[in-house]
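Visitor: The UniProt record's numbering numbers the first residue of the sequence shown as 1 and each following residue consecutively.
The beta carbon of each residue, even a glycine, is placed where N, CA and C say it ideally should be.
Dropping the structure in here first, questions after.
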Amino acid sequence: MLDRAEEVVREQGRASISLLQRRLKVGYSRAARLIDLLEQRGIIGQSVDGGRAREVYDNSHRGGDGHSLADEADDIMAEEKARNDFLRSQASSRFQHNPSSRAAIDDEEID
């Protein structure tokens, strides 16, 4: 839902609770929470002088490279997978290079 809210405010060039209520068909509380989250993530600016519409920052304000939150999550998952694959390969090569340590483990399991 947050990705969809980001998409809506970027398309409209402005952000407001009422805009999200209408476009996402959500209530006031959920729309207000989405606005708060978008602000925390640096996608939109703070409320100024009690105005309803907020500025939508371009990607350079986010310090990002045009990635959405979903893209960032995918990147994190890919990094974790690569790390886990590396650790598995290190563990398997450790046992291949030192089979006596595996045999010692096997002997302990028999006892």
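For L19 and D74, I'd like the C-alpha separation in whole angstroms.
Guide: 28 angstroms
Visitor: Would you be able to state if there are at least three C-beta pairs under 8 angstroms between the region 1-12 and the region 34-44?
Guide: Verdict: yes, contact present.
Visitor: Give the single residue among E79, F95, I35 whose Cα lies nearest to the Cα of R10.
Guide: I35
Visitor: Would you tell me roughly how many angstroms separate the C-alpha atoms of A82 and Q96, rounded to the nearest one?
Guide: 21 angstroms
Visitor: Using DSSP with H/G/I as helix, E/B as strand and the rest coil, what is A15?
Guide: strand
Visitor: Would R54 be called buried (16 or more neighbouring beta carbons within 10 Å of its own) or exposed?
Guide: buried
Visitor: Start and end of the alpha helix (DSSP H) containing Y57?
Guide: Where Y57 is concerned, there is no enclosing alpha helix (DSSP H), given that its DSSP letter is neither H nor E.
Visitor: Taking the Cβ atom as the reference point for each residue, do V56 and A15 lie within a distance shorter than 7 angstroms?
Guide: Yes, they are a contact pair.
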